[in-house]
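Participant: Structure provided below as structure tokens; questions to follow.
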Amino acid sequence: MPADEQRKQLESIAPELLVREAKLREKGLPDLEGVVGEVRMRLAPNPSGPLHLGHSRMAILNDEYVKRYGGICINRFEDTDPARVDPLGYKTIPEDLAWLGVKVGKTIIQSDRFEIYYDIAKKLLEMGRAYVCTCPVETWRELKNKKLACPHREEPFDKQLERWDGMFDGSYRPEEASLMVKTDLSHPNPAIRDFVGLRIDDTPHPRTGTKYRVYPLMNLAVAVDDHLLELTHVLRGKDHLNNTFRQEYIYNYFGWKKPFYIHYGRVSIEEAQLKKSTTAKGIKEGTYTGWDDPRLGTLQALRRRGIRPEAIRRYWVEVGIKEVDIEFSWKTLYSFNRELIDDSANRYFFVSDPVKIKIEGAPDLEAKAPLHPEHPERGYRELKVGHDASVYVGREDLESGPGMLRLKDLCNIELEGQSARYAGNDLGVLKDGVQIVHWAPMDAVPAEVLMTDGTVKKGVVETGVKAALGKVVQFERFAYARVEQVEPSVRCVFTHK
RNA sequence: GCUCCCGUAGUGUAGUCCGGUCAAUCAUUCCAGCCUUUCGAGCUGGAUACCCGGGUUCAAAUCCCGGCGGGAGCACCA
Numbered sequence: 016m017p018a019d020e021q022r023k024q025l026e027s028i029a030p031e032l033l034v035r036e037a038k039l040r041e042k043g044l045p046d047l048e049g050v051v052g053e054v055r056m057r058l059a060p061n062p063s064g065p066l067h068l069g070h071s072r073m074a075i076l077n078d079e080y081v082k083r084y085g086g087i088c089i090n091r092f093e094d095t096d097p098a099r100v101d102p103l104g105y106k107t108i109p110e111d112l113a114w115l116g117v118k119v120g121k122t123i124i125q126s127d128r129f130e131i132y133y134d135i136a137k138k139l140l141e142m143g144r145a146y147v148c149t150c151p152v153e154t155w156r157e158l159k160n161k162k163l164a165c166p167h168r169e170e171p172f173d174k175q176l177e178r179w180d181g182m183f184d185g186s187y188r189p190e191e192a193s194l195m196v197k198t199d200l201s202h203p204n205p206a207i208r209d210f211v212g213l214r215i216d217d218t219p220h221p222r223t224g225t226k227y228r229v230y231p232l233m234n235l236a237v238a239v240d241d242h243l244l245e246l247t248h249v250l251r252g253k254d255h256l257n258n259t260f261r262q263e264y265i266y267n268y269f270g271w272k273k274p275f276y277i278h279y280g281r282v283s284i285e286e287a288q289l290k291k292s293t294t295a296k297g298i299k300e301g302t303y304t305g306w307d308d309p310r311l312g313t314l315q316a317l318r319r320r321g322i323r324p325e326a327i328r329r330y331w332v333e334v335g336i337k338e339v340d341i342e343f344s345w346k347t348l349y350s351f352n353r354e355l356i357d358d359s360a361n362r363y364f365f366v367s368d369p370v371k372i373k374i375e376g377a378p379d380l381e382a383k384a385p386l387h388p389e390h391p392e393r394g395y396r397e398l399k400v401g402h403d404a405s406v407y408v409g410r411e412d413l414e415s416g417p418g419m420l421r422l423k424d425l426c427n428i429e430l431e432g433q434s435a436r437y438a439g440n441d442l443g444v445l446k447d448g449v450q451i452v453h454w455a456p457m458d459a460v461p462a463e464v465l466m467t468d469g470t471v472k473k474g475v476v477e478t479g480v481k482a483a484l485g486k487v488v489q490f491e492r493f494a495y496a497r498v499e500q501v502e503p504s505v506r507c508v509f510t511h512k
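What follows is the structure in structure tokens.
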């Protein structure tokens, strides 16, 4: 029976079936599973430097959910690897989070909590859920790959305790003894079989110095802290999928209630330098001018360029939390940002690669151009050209060939070779397809725009731009830019088109 | 090699659990047109997608099977 006929018949028999339940269209992020009352979530940055665009996703998603359901977002510094801590992070990360508008309800630092992890580790030993292994690393790994136990795995508690104490008192050097958490040696996934819980490292820790030499690894520390912080939901990248499985063993051994885990996919961000180690090296070697170099994908760099945190937030909310890998789109982020800044960005003429031309036969000229076309109440830029009738025009526009050009808000000119002749002020010429170009008066000042590829565009800009220090402006027909210096010369940073 | 996850337009996303109103949503992008003054904004119109092949069914983006493709992990980093 064809579909039409079916419908007709159904209409007479049971019309209510034809009305589909109005499904709620999800706006923004999907709901979290298993929410009872308020949520408790966390950020877990490694304090090794400032946050970049990639980090902002995790922070914003957590913040969005905490704001939706109420509750708390805890910032937990994960600094259990003394060799990978850059103390700068303890300061810059909270600043970056504040700029993003992420509300941190509580901050804890794992390097304050070593005693807690030791305590748990000892309990695991007592329970027979962990062991101290003194096998060479390779031996242990080979056995594990063959689903075999190392000789230490099943030894009695007193022997384990002896070696455990030895880890602290210097009987062993790094890698000579480690605490292993038991899982299931026969697990089909080799990544899940027994994992290292704590190890020895004599590298001084930036915060605790040489007070401790036994450091927990993330799977132990994270499981313990997530539990003690009574988290309800944990958002993490899907690269942590196997870590979640490992941590679940610890939860099960103690009978702790597990949080809901949500894993999101990886993001590949084109054209931006994000890798922290490479960035740090580049800064040290002078390739980059600092953490806020506009070539970088750090939040500091984006802020410097005039990218608003709200645009970043909207972007990540639209992307959501699916487990698929995605490609980041600068164009979309810029579009969101443009929407945010356009209204407040006053207009100015910046002429890149300027050429001076004299307009022959011109009367006394003066332009009156709005600071913002949609906001005449903000006033006008009065650009005096005067008797001499000379202006700056971009080389590219000048070379667009002979013919008529409209100097925006000023007059029309007729180009012939290098000379220009006044051609009235009739806007009707636009109907004929005359190109409108921007220009600058002779009292324009030199200006530089720092581009995102590290190059600098040199030109001249109306002096009025000095009033916009610190703000994002729009250089007509060029781009949006943030004015970051006006004396002794004007310097701006490119925002986007 | 082993384990796990995932495939809707250029990009991201809705729909997939509970098959039908899905010739598939929204955003961004791109193209064209409009606009007496920007390559910005606005308005109008257009473009592009259910990975492939079987099966089940009256009906498949949705269920089943098999391919193919992508990703993650198998670290004394997080």
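To convert, count from 1 in the first sequence and add 15; that's our numbering. Glycine included, each C-beta is placed from N, C-alpha and C at the ideal position.
1. Hey, how far is the Cα of L250 from the Cα of R57?
2. DSSP three-state call for P97: helix, strand or coil?
3. Quick one: Cα of L348 to Cα of G252, how far?
4. Just to confirm, is the Cβ distance from A459 to E477 under 8 Å?
5. Are the beta-carbon atoms of L213 and P231 separated by less than 8 Å?
6. If you measure between the beta carbons of I123 and I89, is that distance less than 8 Å?
7. Can you grab the Cα-Cα spacing for the pair L9 / F260, in whole Å?
8. Helix, strand or coil: how does DSSP classify F275 here?
9. I need the straight-line Cα distance from D241 to K174, nearest angstrom please.
10. Express the C-alpha separation of R410 and E431 in angstroms, rounding to a whole number.
11. Given a threshold of 16 other Cβ atoms within 10 Å of its Cβ, counted over all protein chains shown, does L194 qualify as buried or as exposed?
12. Please classify E342: does DSSP put it in a helix, a strand, or coil?
13. Apart from the five residues on each side of it in sequence, which residues of its chain come closer than 6 Å, Cβ to Cβ, to E342?
14. Throw me the rounded Cβ distance for the T149 and E191 pair, which I believe falls under 8 Å.
15. Taking H70 as part of the beta strand (DSSP E), name the residues at either end of that continuous run.
16. Under the three-state reduction of DSSP, which class applies to S292: helix, strand or coil?
17. Applying the criterion that 16 or more other CB atoms from any shown protein chain within 10 Å of the CB defines a buried residue, is D46 buried or exposed?
18. Quick check for students: name the residue ranges of the alpha helix (DSSP H) that lie wholly in the segment 101-127, counting only runs of 4 or more.
19. Please classify A459: does DSSP put it in a helix, a strand, or coil?
20. Are there 16 or more other CB atoms within 10 angstroms of the CB of D412, so buried, or fewer, so exposed?
21. Report yes or no: do three or more beta-carbon pairs, one from the segment 415-431 and one from the segment 375-391, lie closer than 8 Å?
22. Are the beta-carbon atoms of Y395 and A455 separated by less than 8 Å?
23. Quick test of your reading: P65 and L314, contact by CB under 8 Å. State the CB separation rounded to the nearest angstrom.
24. How far does the alpha helix (DSSP H) with N234 in it reach, from first residue to last?
25. Identify the residues that DSSP records as bridge partners of V406: which are they?
26. Taking the straight line between their C-alpha atoms, what separation do you get for L115 and G321?
27. Given this structure, state the Cα-to-Cα distance separating Q288 from R310, to the nearest angstrom.
28. On a CA-only basis, which of P62, N204 and V50 is nearest S292? Give me that one, please.
29. To test your reading of the DSSP string, which unbroken beta strand (DSSP E) runs of 3 or more residues are found completely within the segment 382-436?
Facilitator: A quick look at the data gives this:
1. Rounded to whole angstroms, L250 to R57 spans 8 Å at the Cα level.
2. Helix, per DSSP.
3. C-alpha separation (whole angstroms): 21 Å.
4. Cβ atoms of A459 and E477: closer than 8 Å.
5. Yes.
6. The beta carbons of I123 and I89 sit closer together than 8 Å.
7. This structure gives no information on residue 9, because the portion of the chain shown stretches from 16 to 512.
8. In the three-state reduction of the DSSP assignment, F275 falls in the strand class, which pools E and B.
9. Each residue's alpha carbon lies about 30 Å from the other.
10. So the alpha carbons of these two residues sit roughly 14 Å apart.
11. When all chains shown are included, L194 counts as buried.
12. Per DSSP, reduced to three states, the secondary structure at E342 is strand.
13. Cβ neighbours of E342 beyond the five flanking positions: S283.
14. That belief holds up - the Cβ atoms of T149 and E191 are roughly 6 Å apart, short of 8 Å.
15. Counting along the chain, H70 sits inside no beta strand (DSSP E); it lies in the alpha helix (DSSP H) bounded by residues L68 to Y84.
16. Looking at S292 - three-state DSSP - the assignment turns out to be helix.
17. D46 comes out exposed.
18. Taken in chain order, the whole alpha helix (DSSP H) runs of length 4 or more contained in the segment 101-127 are 103-115.
19. In the structure shown, A459 sits in coil (DSSP, three-state: anything other than H, G, I, E or B).
20. Under this definition D412 is a buried residue.
21. The segment 415-431 is in contact with the segment 375-391.
22. Here Y395 is not near A455, since their CB atoms are 8 Å or more apart.
23. The beta carbons of P65 and L314 sit about 7 Å from each other, so the pair counts as a contact at 8 Å.
24. Looking at the DSSP string, the run of the alpha helix (DSSP H) that includes N234 is M233 to L243.
25. V406 pairs with I372 and P456.
26. Those two C-alpha atoms are separated by around 13 Å.
27. Going from the Cα of Q288 to the Cα of R310 covers about 7 Å.
28. For S292, the closest C-alpha among the options P62, N204 and V50 is that of P62.
29. Within the segment 382-436, the complete beta strand (DSSP E) runs of at least 3 residues are 395-401, 405-409, 418-422 and 426-431.
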